[in-house]
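Working notes, beginning with the structure itself.
Number of protein chains: 2
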Amino acid sequence: MNDLLEQVLQGQIRAIARLITQVENSPAAAEQAIQALYPHTGNAHVVGLTGSPGAGKSTVVNALVKTLRQQEVRVGIIAVDPTSPFTGGALLGDRVRMRDLSGDPGVYIRSMASRGSLGGLARATASVIKVLDAAGFDYVLVETVGAGQAEVEIANAAHTTVVIEAPGMGDEIQSIKAGILEIADILVVNKADRPGADRTVRSLKMMLHLGPVGGTRQSGRISSPAAANPNGSASDGWNIPVLETVATEEKGMDALAEMLVKHMAHLRQSGEWLKREKERSWREVEMLLQQSFMSQFQASVPQDMRDTLLTAVAERKVDPYTAVHQLLEKTESKRKG
Amino acid sequence: MNDLLEQVLQGQIRAIARLITQVENSPAAAEQAIQALYPHTGNAHVVGLTGSPGAGKSTVVNALVKTLRQQEVRVGIIAVDPTSPFTGGALLGDRVRMRDLSGDPGVYIRSMASRGSLGGLARATASVIKVLDAAGFDYVLVETVGAGQAEVEIANAAHTTVVIEAPGMGDEIQSIKAGILEIADILVVNKADRPGADRTVRSLKMMLHLGPVGGTRQSGRISSPAAANPNGSASDGWNIPVLETVATEEKGMDALAEMLVKHMAHLRQSGEWLKREKERSWREVEMLLQQSFMSQFQASVPQDMRDTLLTAVAERKVDPYTAVHQLLEKTESKRKG
Numbered sequence: 000m001n002d003l004l005e006q007v008l009q010g011q012i013r014a015i016a017r018l019i020t021q022v023e024n025s026p027a028a029a030e031q032a033i034q035a036l037y038p039h040t041g042n043a044h045v046v047g048l049t050g051s052p053g054a055g056k057s058t059v060v061n062a063l064v065k066t067l068r069q070q071e072v073r074v075g076i077i078a079v080d081p082t083s084p085f086t087g088g089a090l091l092g093d094r095v096r097m098r099d100l101s102g103d104p105g106v107y108i109r110s111m112a113s114r115g116s117l118g119g120l121a122r123a124t125a126s127v128i129k130v131l132d133a134a135g136f137d138y139v140l141v142e143t144v145g146a147g148q149a150e151v152e153i154a155n156a157a158h159t160t161v162v163i164e165a166p167g168m169g170d171e172i173q174s175i176k177a178g179i180l181e182i183a184d185i186l187v188v189n190k191a192d193r194p195g196a197d198r199t200v201r202s203l204k205m206m207l208h209l210g211p212v213g214g215t216r217q218s219g220r221i222s223s224p225a226a227a228n229p230n231g232s233a234s235d236g237w238n239i240p241v242l243e244t245v246a247t248e249e250k251g252m253d254a255l256a257e258m259l260v261k262h263m264a265h266l267r268q269s270g271e272w273l274k275r276e277k278e279r280s281w282r283e284v285e286m287l288l289q290q291s292f293m294s295q296f297q298a299s300v301p302q303d304m305r306d307t308l309l310t311a312v313a314e315r316k317v318d319p320y321t322a323v324h325q326l327l328e329k330t331e332s333k334r335k336g
Numbered sequence: 000m001n002d003l004l005e006q007v008l009q010g011q012i013r014a015i016a017r018l019i020t021q022v023e024n025s026p027a028a029a030e031q032a033i034q035a036l037y038p039h040t041g042n043a044h045v046v047g048l049t050g051s052p053g054a055g056k057s058t059v060v061n062a063l064v065k066t067l068r069q070q071e072v073r074v075g076i077i078a079v080d081p082t083s084p085f086t087g088g089a090l091l092g093d094r095v096r097m098r099d100l101s102g103d104p105g106v107y108i109r110s111m112a113s114r115g116s117l118g119g120l121a122r123a124t125a126s127v128i129k130v131l132d133a134a135g136f137d138y139v140l141v142e143t144v145g146a147g148q149a150e151v152e153i154a155n156a157a158h159t160t161v162v163i164e165a166p167g168m169g170d171e172i173q174s175i176k177a178g179i180l181e182i183a184d185i186l187v188v189n190k191a192d193r194p195g196a197d198r199t200v201r202s203l204k205m206m207l208h209l210g211p212v213g214g215t216r217q218s219g220r221i222s223s224p225a226a227a228n229p230n231g232s233a234s235d236g237w238n239i240p241v242l243e244t245v246a247t248e249e250k251g252m253d254a255l256a257e258m259l260v261k262h263m264a265h266l267r268q269s270g271e272w273l274k275r276e277k278e279r280s281w282r283e284v285e286m287l288l289q290q291s292f293m294s295q296f297q298a299s300v301p302q303d304m305r306d307t308l309l310t311a312v313a314e315r316k317v318d319p320y321t322a323v324h325q326l327l328e329k330t331e332s333k334r335k336g
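For the record, the sequence lines run as chains H and B. Mapping of the first sequence onto numbering that gives the first Met the number 0: residues 0 to 336, in sequence order. Mapping of the second sequence onto numbering that gives the first Met the number 0: residues 0 to 336, in sequence order.
As structure tokens, then:
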């Protein structure tokens with residue numbers, strides 16, 4: 000193992016930052032680093048935090064980090080902004096946070112914004128989680144911008160998913176509510192000192208109660224062969240709590256921190272931890288397989304053949320399915336030849 | 000060709016609805032239908048419409064459809080809601096629209112919400128566009144919820160992308176603005192009778208002028224080998240217009256409809272149309288290749304081997320990269336054996 004990796008395992012912040020940059024920029028560097036670090040992972044509690052814009056998500060994350068730091072645990076934060084093709088959004092959130100948390104050697108913050116495809120971002124996030132895990136952070140908080148499908152895919156890497164709402168989000172909340180039941184392990188109503196907070200809490204509790212999952216979390220994550228079990232998609236027996244916080248005053252943070260510990264204990268005792276790890280492993284292996292297949296494919300099909308074929312598809316002379324069959328035959332014959 | 004497909008080619012609404020349901024539910028049905036219909040596609044002008052929540056996107060789409068209908072063209076609408084794992088959001092928008100547009104045989108509306116992965120949704124949207132194209136709709140409008148990465152990937156299927164904003168969106172607009180330059184062919188400031196509209200128009204124009212693209216649209220879509228050309232990522236010479244509308248009063252719709260025609264003429268004359276079709280073809284072929292590879296893979300690796308390996312990954316005994324290499328060797332030896 001090289002010096003940089005040794006330094007990462009010792010938790011040296013500068014080495015961590017440098018390795019993450021390498022991992023983000025080069026798939027080969029990511030492979031090498033993750034292969035070496037992987038045996039040292041599996042100790043961090045990975046917490047995904049998401050919710051509507053305006054719910055005060057960043058403030059909750061900040062206050063939670065301060066509370067966790069009082070317990071002398073080390074916290075890594077990954078702020079993911081899949082909505083920003085550039086770095087605008089993510090960096091902004093970062094700078095605000097920096098003021099509060101900078102200088103604390105037990106905290107490391109990293110912003111990630113989408114530069115290419117969503118798949119690329121999900122892959123990079125998974126790698127950064129592993130680097131922080133190996134570097135000995137007790138908690139890795141992954142903060143995403145919305146509760147949309149994109150965020151769900153990224154937050155899927157988490158053991159515990161916290162969904163943050165606020166009172167009076169109006170109609171917007173309607174579309175989000177349905178999704179909440181699918182992904183939340185813990186619900187937080189922030190800005191709980193505002194009018195209407197009680198109603199929001201009540202309506203969330205009612206939805207949890209009335210929803211298809213009957214008040215307990217359903218294993219509704221993206222299905223995977225590894226996750227299949229004789230019981231089907233039965234709930235795992237966790238009752239989703241609805242917590243109230245006022246993050247600007249750091250109220251309710253102890254309860255949230257406690258609930259994280261409680262949820263991890265539940266995951267371990269119920270066997271759900273291994274199940275989620277297997278699901279996560281499957282999604283990751285699947286991503287890497289696709290990546291590996293596409294580069295094999297690109298190497299085996301000559302550029303001009305591909306270009307000719309795509310022109311034919313664009314001109315409606317060949318349909319996309321026939322094009323795929325032709326390309327696969329080409330890859331196949333190259334492999335055999 | 001079977002009866003259902005014949006009826007779709009004749010533009011029979013009931014047959015179209017039935018085929019779309021089949022295509023959404025079965026990849027095999029999608030393959031069969033698209034292979035047969037593909038030679039009849041390529042005539043529709045596919046327009047992506049996106050923008051911030053609250054910009055009045057649905058109202059703009061409604062008003063635009065009414066204007067287009069006065070020109071006796073047929074319009075298909077696909078309302079995509081990638082943020083809703085259930086159908087809540089998309090259906091809601093649909094119902095409001097139904098009241099206005101229902102009963103018009105020249106209009107067909109279809110809602111699509113994410114049920115599984117984003118990739119699945121993008122694939123299904125691409126198929127539905129083709130069905131509507133083959134069924135003879137002159138315009139296919141694809142309306143998505145936000146201007147995030149997810150929406151960009153779905154809207155990539157469009158020839159013309161319209162980004163809709165409104166005055167006074169405050170800070171939210173900041174993060175969106177950057178992305179706008181990447182994807183918009185036409186910018187619309189809706190609710191232009193509200194205070195601050197002038198400022199929003201001015202600031203958008205300034206961003207277009209100051210931005211990296213220097214006032215003309217850059218070919219900033221997801222890069223593809225097919226799109227590579229000796230000129231690199233040069234702009235295509237289209238000046239992005241900023242239009243003002245008041246959709247509730249159907250103001251500014253003629254100008255928007257005219258601009259769509261103008262943009263299509265530009266695409267045809269500049270050769271950009273073929274280039275975008277090739278990019279679209281490449282993305283589609285890539286999606287199908289990945290899908291095909293994954294099903295080949297699933298067929299060749301026994302469930303118990305996969306499960307054992309994923310357990311080892313979850314328990315940190317094998318890292319994900321090594322797991323991928325082992326699985327690929329297995330697929331390989333099966334192929335040769």
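In this text, a Cβ means the ideal position worked out from N, Cα and C, and glycines have one as well.
**OP:** Measure how close the beta-carbons of A246 (chain B) and A78 (chain B) come, nearest whole angstrom, since I'm counting them as under 8 Å.
**Re:** About 16 Å; that fails the 8 Å criterion.
Subject >> Test: M293 (chain B) CB closer than 8 Å to a CB of chain H >> reply: yes
Original post:
Which residues, in order along the segment 322 to 334 of chain H, keep a beta-carbon less than 7 Å from a beta-carbon of chain D?
Top reply: The displayed structure is made up of protein chains H and B, and chain D is not among them.
Original post:
Which whole-angstrom value describes the C-beta separation of P319 (chain H) and I185 (chain B), a residue pair presumed to lie in contact below a C-beta threshold of 8 Å?
Top reply: About 28 Å; that fails the 8 Å criterion.
Subject >> Classification of Q289 (chain H) by the beta-carbon crowding that lies within 10 angstroms, buried from 16 upward >> reply: buried
Original post:
For V139 (chain H), which of helix, strand or coil comes out of DSSP?
Top reply: strand
**OP:** Starting from the C-beta of R68 (chain B), find all residues in its chain whose C-beta is less than 8 Å away, skip the five residues before and the five after it, and write them out in chain order.
**Re:** V74, D103, G105 and V106
Subject >> Amino acids of chain H, ordered along the chain, whose beta-carbon sits closer than 8 Å to that of Y138 (chain B) >> reply: By Cβ distance, chain H contributes nothing, its closest Cβ being about 18 Å from Y138 (chain B), past 8 Å.
**OP:** With a cut-off of 8 Å on the beta carbons, I'd call M45 (chain B) and H158 (chain B) a contact; round off their distance for me.
**Re:** With the sequence shown as reference, residue 45 (chain B) is identified as Val, and Met is not the correct amino acid for it. With a Cβ gap of about 5 Å, V45 (chain B) and H158 (chain B) count as contacting.
**OP:** State the CB to CB distance for the pair D235 (chain H) and T66 (chain H), rounded to an integer number of angstroms; the pair is presumed to be in contact (CB under 8 Å).
**Re:** That belief does not hold up - the Cβ atoms of D235 (chain H) and T66 (chain H) are roughly 26 Å apart, past 8 Å.
**OP:** Rounded to whole angstroms, what's the CA-CA distance from T310 (chain H) to T310 (chain B)? Just pull it up for me.
**Re:** 44 Å
Original post:
How many Å lie between N230 (chain H) and I128 (chain H) at the Cα?
Top reply: Because the pLDDT at N230 (chain H) is just 30, under 50, the model does not fix this residue reliably, and the value given afterwards should be weighed accordingly. Cα-Cα distance, rounded: 30 Å.
Original post:
Between the C-alpha atoms of E328 (chain H) and T321 (chain H), what's the straight-line distance to the nearest angstrom?
Top reply: 11 Å
**OP:** For the segment 5 to 16 of chain H and the segment 284 to 304 of chain B, state whether three or more C-beta atom pairs, one from each stretch, are separated by less than 8 Å.
**Re:** no
Original post:
So which residues of chain H does L288 (chain B) contact, with C-beta pairs closer than 8 Å?
Top reply: F292, M293, F296, V323, L326 and L327
**OP:** Note down, in chain order, every chain H residue with its Cβ under 8 Å from the Cβ of A156 (chain B).
**Re:** Within 8 Å Cβ-Cβ: nothing; A156 (chain B) doesn't reach chain H, min ~12 Å.
Original post:
Comparing the C-beta of S280 (chain H) with each C-beta of chain B, is any distance below 8 Å?
Top reply: yes
**OP:** May I ask you to report which of helix, strand or coil DSSP gives K250 (chain H)?
**Re:** strand
Original post:
Quick one: is V312 (chain B) near chain H, going by C-beta distance under 8 Å?
Top reply: yes
Original post:
How big is the Cα-Cα spacing for R109 (chain B) and E331 (chain B)?
Top reply: 42 Å
**OP:** Compare the Cα-Cα distances from T40 (chain B) to each of B:L18, B:A134 and B:L120 and report the closest residue.
**Re:** B:A134
**OP:** Could you tell me which chain H residues have their CB closer than 7 Å to the CB of P301 (chain B), listed as they occur along the chain?
**Re:** What P301 (chain B) touches in chain H: nothing, since even the nearest Cβ is about 11 Å away.
Original post:
Going by C-alpha distance, which of H:F292, H:W237, H:E283 and H:T124 is nearest Q268 (chain H)?
Top reply: H:W237
**OP:** Measure the Cβ-Cβ separation of L36 (chain H) and V141 (chain H) and say whether it is below 8 Å.
**Re:** no
Original post:
Of all the beta strand (DSSP E) runs that stay within the bounds of the segment 1 to 52 of chain H, which reach a length of 3 or more residues?
Top reply: 44 to 50
**OP:** In the DSSP assignment, find the unbroken beta strand (DSSP E) run with A112 (chain H) in it and report its ends.
**Re:** V106 to A112
Subject >> Distance between A29 (chain H) and S126 (chain H) (C-alpha atoms, nearest Å) >> reply: 7 Å
**OP:** Give the range of the alpha helix (DSSP H) segment to which V60 (chain B) is assigned.
**Re:** K56 to Q69
**OP:** Indicate the three-state DSSP secondary structure (helix, strand or coil) for G231 (chain H) in the structure shown.
**Re:** Its pLDDT being 28, under 50, G231 (chain H) is placed unreliably by the model, and nothing is read from it.
Original post:
Does the segment 295 to 309 of chain B come within contact of the segment 15 to 26 of chain H, defined as at least 3 CB pairs closer than 8 Å?
Top reply: no
Original post:
Taking C-beta to C-beta, are L48 (chain H) and V161 (chain H) nearer than 8 Å?
Top reply: yes
Original post:
Using 8 Å as the limit for Cβ to Cβ distance, is I33 (chain B) near chain H?
Top reply: yes
Original post:
Which residues in the same chain have their Cβ closer than 8 Å to the Cβ of V312 (chain B), if we skip the five residues on either side of it in sequence?
Top reply: D318, P319 and A322
**OP:** Please report the residue range of the beta strand (DSSP E) in which E243 (chain B) lies.
**Re:** V241 to E243
Subject >> Test: K190 (chain H) CB closer than 8 Å to a CB of chain B >> reply: no
**OP:** Please state whether DSSP places H324 (chain H) in a helix, a strand or coil.
**Re:** helix
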